[in-house]
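One structure is given here, and the rest of the page talks about it.
There are 4 protein chains.
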Amino acid sequence: MTVLHSKFETELQVRPDDIDMNQHVHNSRYFDYVLAARYDQMERCYKMPMEEFIKLGYGWVVRTAHIEYKRALNLGDRFMVRTWIHEVFSDGVEVRFEISRKENGKICCDGYFAYTMINLKTGRAETIPDWIVARYSV
Amino acid sequence: MTVLHSKFETELQVRPDDIDMNQHVHNSRYFDYVLAARYDQMERCYKMPMEEFIKLGYGWVVRTAHIEYKRALNLGDRFMVRTWIHEVFSDGVEVRFEISRKENGKICCDGYFAYTMINLKTGRAETIPDWIVARYSV
Amino acid sequence: MTVLHSKFETELQVRPDDIDMNQHVHNSRYFDYVLAARYDQMERCYKMPMEEFIKLGYGWVVRTAHIEYKRALNLGDRFMVRTWIHEVFSDGVEVRFEISRKENGKICCDGYFAYTMINLKTGRAETIPDWIVARYSV
Amino acid sequence: MTVLHSKFETELQVRPDDIDMNQHVHNSRYFDYVLAARYDQMERCYKMPMEEFIKLGYGWVVRTAHIEYKRALNLGDRFMVRTWIHEVFSDGVEVRFEISRKENGKICCDGYFAYTMINLKTGRAETIPDWIVARYSV
Numbered sequence: 001m002t003v004l005h006s007k008f009e010t011e012l013q014v015r016p017d018d019i020d021m022n023q024h025v026h027n028s029r030y031f032d033y034v035l036a037a038r039y040d041q042m043e044r045c046y047k048m049p050m051e052e053f054i055k056l057g058y059g060w061v062v063r064t065a066h067i068e069y070k071r072a073l074n075l076g077d078r079f080m081v082r083t084w085i086h087e088v089f090s091d092g093v094e095v096r097f098e099i100s101r102k103e104n105g106k107i108c109c110d111g112y113f114a115y116t117m118i119n120l121k122t123g124r125a126e127t128i129p130d131w132i133v134a135r136y137s138v
Numbered sequence: 139m140t141v142l143h144s145k146f147e148t149e150l151q152v153r154p155d156d157i158d159m160n161q162h163v164h165n166s167r168y169f170d171y172v173l174a175a176r177y178d179q180m181e182r183c184y185k186m187p188m189e190e191f192i193k194l195g196y197g198w199v200v201r202t203a204h205i206e207y208k209r210a211l212n213l214g215d216r217f218m219v220r221t222w223i224h225e226v227f228s229d230g231v232e233v234r235f236e237i238s239r240k241e242n243g244k245i246c247c248d249g250y251f252a253y254t255m256i257n258l259k260t261g262r263a264e265t266i267p268d269w270i271v272a273r274y275s276v
Numbered sequence: 277m278t279v280l281h282s283k284f285e286t287e288l289q290v291r292p293d294d295i296d297m298n299q300h301v302h303n304s305r306y307f308d309y310v311l312a313a314r315y316d317q318m319e320r321c322y323k324m325p326m327e328e329f330i331k332l333g334y335g336w337v338v339r340t341a342h343i344e345y346k347r348a349l350n351l352g353d354r355f356m357v358r359t360w361i362h363e364v365f366s367d368g369v370e371v372r373f374e375i376s377r378k379e380n381g382k383i384c385c386d387g388y389f390a391y392t393m394i395n396l397k398t399g400r401a402e403t404i405p406d407w408i409v410a411r412y413s414v
Numbered sequence: 415m416t417v418l419h420s421k422f423e424t425e426l427q428v429r430p431d432d433i434d435m436n437q438h439v440h441n442s443r444y445f446d447y448v449l450a451a452r453y454d455q456m457e458r459c460y461k462m463p464m465e466e467f468i469k470l471g472y473g474w475v476v477r478t479a480h481i482e483y484k485r486a487l488n489l490g491d492r493f494m495v496r497t498w499i500h501e502v503f504s505d506g507v508e509v510r511f512e513i514s515r516k517e518n519g520k521i522c523c524d525g526y527f528a529y530t531m532i533n534l535k536t537g538r539a540e541t542i543p544d545w546i547v548a549r550y551s552v
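Chains as they are written, first to last, in the working numbering: chain L, 1 to 138; chain H, 139 to 276; chain X, 277 to 414; chain V, 415 to 552.
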């Protein structure tokens, strides 16, 4: 059964401290942009912010990160971070993302993150309860 | 003669990568918030963005930075960065700032930055032309 | 023809500002550790530092980054960043890396970066001259 | 009574991700260099690492930070961070620092940090016990 998940969007702006010696956004900061968008969307779109996971004793760790760089973002640029759940595993999810320049909609980079849900006490992977899967199946 | 300069405001939001092991915004990031606000206000409020200085062969370097920390910002917080020119010297300016939590207006930190205008070719301090002083005397 | 490239190693230490709210090294900082190791090894091991590429009008941009996270690094940890050229293309290279904790040699993360060599003036991909390929064929 | 405190030194190296669009170390990173040196020296020189404070239920927060910039550090530079306790208050300390380029010993920046010791449970300032003052009176 194929479940199609919604794509959500967060608008952000490049900060001067994101720019590196090559005069564009430092490669590793795109990572942080996706992280910022996920936190925003977990709360605003899925109605289950990270704080709620933590209260339940759950955390999320990144297992794999993959980014394809296409066009650099520059000083002052506004951009959209679109993310969506591509696949749900018993103990994790694969989240795909696309970052595009707001001005012209052109893709700057895309890729995916595989996250594992862990039990904060043991630090070990945990099966995601059905009710959480349901909450994230929008 | 005392010149009173306008106070300008930029609204920003804490990014998850700004949070450090103490669970609040890392001390040095407030620096970057002031920098982001200045770039925004140079363009939006003074109508003379950093790019224009660079085209003219000018740059700005920080000579002194001073911050008084009062209350920490936390994950997801929205905040206002208010900055204003406190004094203009022949080759620089002292900019004062206040960062306050948007939700309740309480001051999180305040302080000042002394900047020197340099000639990008020589790297040396340069007298600020009158027309630039005028443009920043709002 | 298979060319086997040398593996080089750089020792680094976690800085307190690398630690995030989860009390271990922030995911995107591993990226920066690999970057630091490459700069060190370009100079020390390949005898052709980044500055030399820039003088020749060349630059390197990241096209793809891929990281598999295994074990987190913590405050104060010393670690080894091992990198090697896996494949050379006409206009780029695939660099593989492994980061391991110094104390016990256990792998913390591994992955690869695909870099493209560009002409700094045009910003476009450039064929890597044979003499540079030779210099990096150690 | 004047107590003269020892000056301790930590050697560090600029990482490529510390460099900003002005091609030298980003202003706020000097902050992080001092932090890294303090963590190193608390453990190595005072024989009381941050972890020990935390186990005792104590933490340290920055109340004031002040930096005077003199000469910028550049890509690859090795530098020394010298710090010493200038004054001990009932609930805090003023730590002074100097960062100098290793190659020529020239001062890059100096300044001070005022830290307050807090009780991690209440978040409030706490009187520093005599035995800790003694330990830091080297």
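Note that CB positions come from ideal geometry on N, CA and C, so glycine has one too.
Closer than 8 Å at the beta carbon, the chain L residues around residue i
i        : result
H:Tyr184 : Result: empty, since nearest Cβ-Cβ is about 15 Å, beyond 8 Å.
H:Gly261 : Residues of chain L passing the Cβ test: none, with the nearest at roughly 17 Å.
Top-ranked residue by Cα proximity to residue i, from the options
i        : options                                : result
L:Pro145 : L:Arg29, L:Glu9, L:Thr122              : Because chain L spans 1 through 138 in this model, residue 145 of chain L falls outside it and cannot be assessed.
V:Leu367 : V:Met462, V:Ile499, V:Ile468           : What is shown of chain V runs 415 to 552, which leaves residue 367 of chain V out entirely.
H:Phe146 : H:Ile266, H:Asp178, H:Val199           : H:Asp178
V:Glu517 : V:Tyr550, V:Glu425, V:Asn436, V:Val502 : V:Glu425
L:Ile118 : L:Asn27, L:Gly57, L:Ser6               : L:Gly57
V:Gly519 : V:Ala479, V:Leu487, V:Glu482           : V:Leu487
H:Asp215 : H:Val200, H:Trp198, H:Glu232, H:Ile237 : H:Ile237
V:His438 : H:Met186, H:Val231, H:Ala263, H:Val199 : H:Val199
X:Tyr309 : X:Arg400, X:Ala410, X:Gly387, X:Glu402 : X:Gly387
V:Leu489 : X:Phe365, X:Glu402, X:Leu311           : X:Leu311
X:Glu402 : X:Phe307, X:Gly335, X:His281, X:Met356 : X:Gly335
H:Ile205 : H:Ser144, H:Phe169, H:Ile270           : H:Phe169
H:Tyr184 : H:His143, H:Gln151, H:Arg201           : H:His143
V:Gln427 : V:Val495, V:Gly506, V:His500, V:Asn441 : V:Val495
X:Glu363 : X:Asn298, X:Met297, X:Asn303, X:Val409 : X:Val409
L:Arg101 : L:Ile85, L:Glu94, L:Tyr69, L:Asn22     : L:Tyr69
L:Glu51  : X:Asn298, X:Ile404, X:Glu370           : X:Asn298
Within chain V, partners of residue i - CB distance below 9 Å
i        : result
L:Gln23  : Met435
X:Arg291 : Leu426, Arg429, Asp446, Tyr447, Leu449, Ala450, Tyr453
Beta-carbon neighbours of residue i, restricted to chain X and to distances below 9 Å
i      : result
L:Glu9 : None at all; the shortest Cβ gap to chain X is about 21 Å.
According to DSSP, residues forming a beta bridge with residue i
i        : result
L:Ser90  : DSSP output for L:Ser90 lists no bridge partner at all.
X:Asn380 : Its beta-bridge partners do not exist; DSSP assigns none.
V:Ile546 : According to DSSP, which records beta bridges pairwise, V:Ile546 is partnered with nothing at all.
V:Leu426 : V:Phe493
H:Met255 : H:Trp198
V:Ile433 : V:Val439
H:Ala263 : H:Ile256
L:Ile67  : L:Gly111, X:Ala341
V:Phe445 : BP columns for V:Phe445 are empty, so no partner.
L:Arg96  : L:Trp84, L:Tyr112
Residue i, buried or exposed, once every other Cβ within 10 Å from all chains shown has been counted against 16
i        : result
V:Asp544 : exposed
V:Met415 : Note that V:Met415 has pLDDT 48, beneath the 50 cutoff, so the model's placement of it is unreliable and the number below is only indicative. V:Met415 should be labelled exposed.
L:Val180 : A question about residue 180 of chain L goes unanswered here, because the residues of chain L that appear run from 1 up to 138.
L:Arg44  : exposed
H:Thr254 : buried
X:Ile295 : buried
H:Leu260 : In the sequence under discussion, the amino acid at residue 260 of chain H is Thr, which differs from the Leu named in the question. Exposed, by the Cβ-count rule.
V:His440 : buried
Nearest-angstrom beta carbon gap, residue j and residue i [assumed within contact, 8 Å]
i        : j        : result
X:Ala341 : X:Phe389 : 5 Å
H:Arg300 : H:Met186 : With chain H represented from 139 up to 276, any question about residue 300 of chain H goes unanswered, as that position is not in the structure.
H:Thr221 : H:Arg234 : 7 Å
V:Cys522 : V:Phe493 : 7 Å
X:Arg339 : X:Gly368 : 7 Å
Listed by chain order, chain V residues near residue i by CB distance under 8 Å
i       : result
L:Ser28 : Asp431
Within chain H, partners of residue i - CB distance below 8 Å
i        : result
V:Tyr483 : Val199, Val200, Arg201, Thr202, Ala203
Interface residues of chain L facing residue i [CB-CB closer than 7 Å]
i        : result
H:Gly195 : Within 7 Å Cβ-Cβ: nothing; H:Gly195 doesn't reach chain L, min ~17 Å.
Interface partners of residue i on chain H, CB under 9 Å
i       : result
L:Gly92 : Going along chain H, no residue has its Cβ under 9 Å from L:Gly92, so there is no contact; the nearest lies around 19 Å.
Partner residues on chain L for residue i, Cβ-Cβ distance less than 9 Å
i        : result
H:Gly249 : Within 9 Å Cβ-Cβ: nothing; H:Gly249 doesn't reach chain L, min ~17 Å.
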